[in-house]
Each structure stands twice: as structure tokens, then as C-alpha cells.
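Undergrad:
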Amino acid sequence: MSRFTAVRVFDFRFPTSSTLSGSDAMNPDPDYSSAYVEVHTDADDGIKGVGFVFTIGRGNDVVCRAIESMGGRLVGMEVEPLLDDMKKAWDLFVHDSQLRWLGPEKGVEHMAIGAVLSALWDVKARRAGKPLWRLLAEMEPEELVSTLDFRYLSDALRPEEAVEILRAGRKGKEARIRHLLETGYPGYSTAAGWLGYSDEKMVALAREESRVKGFRQIKLKVGQDVDDDLRRLALAREAIGPDVRLAVDANQVWDVPEAIEWINRFHEFDLAWVEEPTSPDDVIGHATIARAINPIPVATGEQMQSRIMFKQYLQANAFGIMQVDATRVAGPQEIVLEYLLARKFNKPVCPHAGGVGLCEAVCHFAMFDYVAVSGTTEGRMIEYVDNQHEHFVHPTEIRNGNYVAPTAPGNGTEMTLETAEKYLYKG
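If you count the sequence shown from 1, you need to add 43 to reach our numbering.
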């Protein structure tokens with residue numbers, strides 16, 4: 044029996060604000076950052092687990108302290124009882140009443156819990172010798188469902204329904220695994236879309252991402268000035284042609300009536316979706332917008348803080364495209380629940396990515412969904428931006444606009460500390 048011996052936290056901050064990479068209407072000067080955690084054991088295999096929370100700068104001050112405050116609980120505990128019963132690991136943190144009081148089940152503490160739970164799943168996957176997507180997809184339905192927390196979800200999804208979804212996902216699973224390994228999973232690019240970019244840079248990147256790299260969708264940020272948005276959208280549509288999808292992202296900048304008025308001026312551009320038109324907490328507002336801008340779909344979810352929010356959005360039919368983020372909620376178990384909810388309500392999921400480690404992390408859940416839950420990539424794709432991938436042991440690889448399926452054991456988010464240490468924040 045092995046024990047946890049240390050939980051180490053690193054505060055990495057990359058000065059992306061200097062190039063305006065990541066800039067949008069709500070976040071004009073982001074410094075892409077990672078509150079990164081390593082979980083060590085005394086096992087002879089030398090395996091460590093890693094997890095992280097993505098922020099855009101000074102938020103790391105708070106998140107790193109939160110991870111440190113709870114990570115210490117692991118030190119001295121036996122490893123195998125938690126890895127064999129991941130629901131026990133979930134309960135240890137999520138149902139700690141003193142931590143839960145700060146949410147409940149949302150906010151900084153919930154995200155920090157997600158980093159620690161991700162590190163534990165990383166250990167579990169590494170010990171199994173499988174990438175996380177394959178570990179999850181090949182678990183017995185009853186075993187995977189036993190790790191999940193259905194509290195507050197029984198009016199939308201019950202454990203026995205989740206088991207049935209996963210049992211149905213067995214049909215054709217091996218063929219989907221082969222297809223995934225041969226072809227990959229569709230991606231889309233946000234590289235051209237940052238609001239701080241000149242028209243010339245945006246157009247050049249839009250052409251490169253679609254014509255050279257093979258992405259079948261690009262996304263632009265909008266929401267500062269409607270006339271500027273209309274001009275940029277016209278330039279982008281001309282650059283990529285009629286056959287490449289074009290989406291927009293407002294990053295929550297509008298009130299509901301403003302969103303409706305603004306978006307309804309975009310219909311001529313045949314948009315794939317409009318993302319985050321208003322507050323991520325406003326279920327009714329999103330439903331109102333969705334009805335008023337039809338047929339442009341609403342996409343949202345990257346800043347929804349819990350499975351309960353996703354349940355409500357789905358029940359209210361408040362979006363057409365569901366998005367998830369690998370570090371916004373409490374780790375792999377909650378993300379698996381989000382995908383099961385999406386399957387129950389027949390909504391496609393297009394994950395948020397692009398920030399430090401997000402591409403590396405979230406592709407595992409999209410691939411798990413394809414193999415074991417939805418069984419399709421129709422209308423589904425993963426966001427991609429070429430940011431900081433060089434600092435990862437197994438960086439995301441794109442081929443013909445598709446994410447190459449990871450094959451290395453673990454969750455894919457281990458960083459090469461030798462190259463990242465120059466970005467270690469020292470206060």
C-alpha cells in the first residue's frame with residue numbers, strides 16, 4: 044500500500060497581454076496562466092499525477108492558495124483506496140462542509156478541487172497504462188457511474204439512465220476507437236479572432252487556419268463596436284469562403300436586449316453560433332436570446348460552474364451548442380456528468396479550449412464522449428489555439444484540422460518544468 048507524500052503547486056504566468064493574444068471585449072489584457080499541481084506518492088512506480096486550473100493572470104494568487112490549502116489533506120493518506128473508489132475522493136473534497144460553504148460547489152474552491160481530482164485521475168490512468176479518454180471509455184458502465192455524484196440531478200438524469208447510456212455506447216466502440224486513432228477528432232480555430240489584432244493580421248490568420256491547417260471553422264471575438272464587428276465579419280467571410288463555418292464569441296459582454304439587437308445584425312454571415320452573449324448565470328436570459336436570434340444558435344458553458352447549471356440550461360433549452368471547460372468544474376467526474384446530461388437532452392458539445400493546457404486536457408473528454416457516450420462527431424468540434432503547447436510533455440497535435448488522439452498514459456497535462464520555469468511567478 045502506497046501513500047501520498049507531497050502536493051506541489053506552481054504558479055505559471057505567460058505574458059500574452061503583450062501581443063494581445065487572448066484579447067476580447069470582456070478581457071482586454073489577459074496573461075494566460077496555470078495554477079499547476081503535482082501529486083506525489085511513495086510507490087515504487089515513480090508515478091506522479093498532475094492537474095491545473097487555467098486563469099488569465101492574477102487569479103492565480105487565489106487559486107494556488109486554494110489548491111495548497113486542500114492538497115495538504117492528501118499527504119499521508121493511502122493511495123489505493125482513493126484510486127479504487129474515486130467517489131470517495133470526490134466526497135473527500137466536494138462534500139467537505141467547510142470548503143463547500145465557500146461555493147457551494149462553485150467558484151475558486153470548486154476549481155481547485157478539480158485540479159486535485161484531475162491529478163488523482165492522472166495517477167489512475169498512468170497506473171492503468173492508458174490515456175484518460177480510453178480509461179474512461181473502457182470502464183464498465185456501472186463502475187464509472189459509481190464514481191459520479193447525482194445529487195441535484197435526479198429530475199434530469201438518474202444513475203440507471205447514465206448506465207443505460209454507457210451500455211448503449213458499447214455498440215461500435217472498438218470501431219470508433221480505431222477511427223479516432225486513425226483520423227482524430229474535429230477541431231476549430233480561434234487563432235484569428237482576438238479583438239486586439241489588426242484587420243490584416245486577422246485576415247491572414249483566417250486564411251492560414253482554414254486553407255493551410257485545414258480547420259473547417261474559425262471564430263472571431265465581437266462585442267466592442269457593432270460596426271467594427273460587421274466590417275471584420277465581412278472580411279473574415281471573404282477570406283475563408285462560404286464553405287468554412289464562422290462563429291462569434293462575445294464573452295458575456297451584453298445585456299439581454301442589447302445582445303438580441305446586436306446579434307440580429309449578423310444574420311447575413313451564416314454564423315455557426317454566437318457564444319456567451321450574456322452572463323453565464325442567466326439561464327432565462329439565454330433562453331430569451333436563443334428564441335429571438337433564431338436560426339443563429341447560442342453556444343455557452345465554458346464559465347458554468349457546476350453540473351447543476353448545465354442541468355438547468357438543458358431543461359430550459361437555453362442553448363443550441365453546449366460547451367464545457369476542463370478546469371471550470373470539479374474535475375473529470377463532473378465533466379463526465381456534463382456529457383451524460385448532454386446526451387440525455389440530445390445537445391452537441393463543443394468544448395472550450397485554447398488557454399494553457401486546456402487543449403491538452405479537454406480533448407480527452409470529447410474523445411471519451413465520441414467513443415462511449417454520443418458515438419458521433421457530427422456537429423461537434425474542439426476549440427484550438429496555438430498557445431504554450433511547447434511547455435507540455437505530450438503537446439496537442441493537429442493534423443488536417445483534427446486533434447490527434449493522445450496515446451500516452453494519463454491526462455496529457457504534464458508540463459516540462461525545465462522550459463516553463465522561466466514563467467514561474469515569484470511575486
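We put the beta carbon where it would ideally sit given N, CA and C, even for glycine.
Being a predicted model, the structure only gives us computed values, none of them experimental.
CB-CB under 7 Å to P323, same chain, minus the five flanking residues each way: which ones, in chain order?
TA: So the list reads Q295, T343, Q346 and M347, once near-sequence residues are dropped.
Undergrad: Going straight from the alpha carbon of V118 to that of Q267, what length do you get?
TA: Going by the C-alpha atoms only, they are around 48 Å apart.
Undergrad: Thinking just about the alpha-carbon of each residue, which of P391, R350 and C402 is nearest to the one in R194?
TA: Checking every option, the nearest Cα to that of R194 belongs to R350.
Undergrad: Would the beta-carbon of L191 fall within 8 Å of that of L179?
TA: No.
Undergrad: Count the other CB atoms, across all protein chains shown, that sit within 10 Å of the CB of L224; report buried if there are 16 or more and exposed otherwise.
TA: That one is exposed.
Undergrad: For G230, name the three-state secondary structure that DSSP assigns.
TA: Reduced to three states, the DSSP call for G230 is strand.
Undergrad: When the Cα of Y79 is compared with those of A158, D88 and R275, which residue comes out closest?
TA: The option with the nearest alpha carbon to Y79 is A158.
Undergrad: How many angstroms separate the CA atom of K130 from the CA atom of R274?
TA: The straight-line gap from Cα to Cα measures roughly 51 Å.
Undergrad: Where does Y382 sit, in a helix, a strand or coil, going by DSSP?
TA: Correct three-state label for Y382: helix.
Undergrad: So I364 packs on I336, CB below 8 Å; how close in whole Å?
TA: With a Cβ gap of about 13 Å, I364 and I336 do not count as contacting.
Undergrad: Cutting at 8 Å between CB atoms, please list the residues of its own chain near F435, excluding the five before and the five after it.
TA: These residues qualify, in order along the chain: G400, E403, G455, T456, E457, M458 and T459.
Undergrad: Measure the C-alpha to C-alpha separation of L142 and A249 and round it to an integer number of angstroms.
TA: So the alpha carbons of these two residues sit roughly 44 Å apart.
Undergrad: Is it true that the segment 145-155 meets the segment 102-113, where meeting means three or more beta-carbon pairs spaced less than 8 Å apart?
TA: With the cut-off at 8 Å, the segment 145-155 and the segment 102-113 touch.
Undergrad: Closest to T48 by C-alpha separation, out of T59, S77, V82 and D74, would be which residue?
TA: For the residues T59, S77, V82 and D74, the minimum Cα distance to T48 belongs to V82.
Undergrad: How far does the beta strand (DSSP E) with R56 in it extend, from its first residue to its last?
TA: F47 to R56 is the extent of the beta strand (DSSP E) around R56.
Undergrad: Flag this pair as yes or no: are the beta carbons of S45 and G94 separated by less than 8 Å?
TA: For S45 and G94, no; Cβs fall outside 8 Å.
Undergrad: State the CB to CB distance for the pair V206 and E181, rounded to an integer number of angstroms; the pair is presumed to be in contact (CB under 8 Å).
TA: So it is not a contact: roughly 15 Å between Cβ atoms.
Undergrad: Are the CB atoms of V166 and G92 nearer to each other than 8 Å?
TA: Against a cut-off of 8 Å, the Cβ pair of G92 and V166 comes out as a contact.
Undergrad: Hey, quick one: how far does the beta strand (DSSP E) through V317 stretch, first residue to last?
TA: Run containing V317: L314 to E318, per the beta strand (DSSP E) assignment.
Undergrad: Is M424 near C393, with beta carbons less than 8 Å apart?
TA: In this structure, C393 lies closer than 8 Å to M424 by Cβ.
Undergrad: Of all Cβ atoms in chain D, is any one closer than 8 Å to the Cβ of W176?
TA: Looking at the structure shown, chain D is missing, and only one protein chain is on hand.
Undergrad: Please confirm if the segment 406-416 is in contact with the segment 432-449, defined as three or more CB-CB distances below 8 Å between the two stretches.
TA: Yes: at least three Cβ pairs fall under 8 Å.
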